Amino acid sequence: MGFVTQPERPDDHNPITNIHRQAFGRDNEGRLVHRLRREQQLLLSLVTTDGDKAVAHIAFSPVTLSGSSRAASLPTGAALGPVGVLPSYQGNGLGLQIIEAALASDAITQTPWQVLVGEPSLYGRFGFGAASQYGLKCEFQVPPEYFLLRVTPGIEPPVFEQGETLHYHKAFHSV
1 MGFVTQPERP DDHNPITNIH RQAFGRDNEG RLVHRLRREQ QLLLSLVTTD
51 GDKAVAHIAF SPVTLSGSSR AASLPTGAAL GPVGVLPSYQ GNGLGLQIIE
101 AALASDAITQ TPWQVLVGEP SLYGRFGFGA ASQYGLKCEF QVPPEYFLLR
151 VTPGIEPPVF EQGETLHYHK AFHSV
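Numbering (UniProt numbering), first residue to last: 1 to 175.
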């Protein structure tokens, strides 16, 4: 039948948790998705299936800005994560495909920019680069080269003021 990527459905919830448990070897990412869903903070949640089996998942959630008088009025982007692929399906491009599908979705193309904490060599192929080049800081203590930002094609690149900091949804604090 082949792979199909589509928005999550209620019967995908447990398989999504399983995807992340197997992909990361722990429950944190699955619990994160569950909490974002419960608190209605999923901007996008896509599942790739192989027949009737869920094999990959990606989520995006809203972010907030602080650190300046204008931060609350700035248009905000979306946080990518988590993204996971069942180990038996890794290495065949499914992760890349679900990321491409998500970035091309209406939900994400309507955001001016997207952020993540991840491997620059992987996410650079999708247009992600160091968020520091735009002046944005991450609330988490991560090496600056791993805090990445992508500007939605056709959108003016953001310029953040000194001290403006990106905040993930509070659910990310438990990952």
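Positions of the beta carbon are idealized from the N, C-alpha and C atoms, including for glycine.
Values in this document were obtained by computation on a predicted structure and should not be read as measured data.
What three-state label does DSSP hand residue 133 in the structure shown? helix
Whole-angstrom distance between residue 162 and residue 89, CA atom to CA atom: 42 Å
Going along the chain, which residues of its own chain have a beta-carbon closer than 6 Å to the beta-carbon of residue 157, five neighbours each way excluded? 151
My parser needs the beta strand (DSSP E) runs of 3 or more residues fully inside the UniProt domain "N-acetyltransferase" (3-149); what are they? 3-7, 44-50, 53-62, 64-66, 78-85 and 113-117
DSSP has residue 151 in a bridge; who is on the other side? 113
Buried or exposed, going by whether 16 or more other CB atoms sit within 10 Å of the CB of residue 96? exposed
Near residue 148, what residues of its chain come up, given a Cβ to Cβ distance below 7 Å and the 5 sequence neighbours on each side ignored? 115, 116, 118, 120, 123, 128, 129, 130 and 131
Less than 8 Å between the beta carbons of residue 169 and residue 61, yes or no? yes
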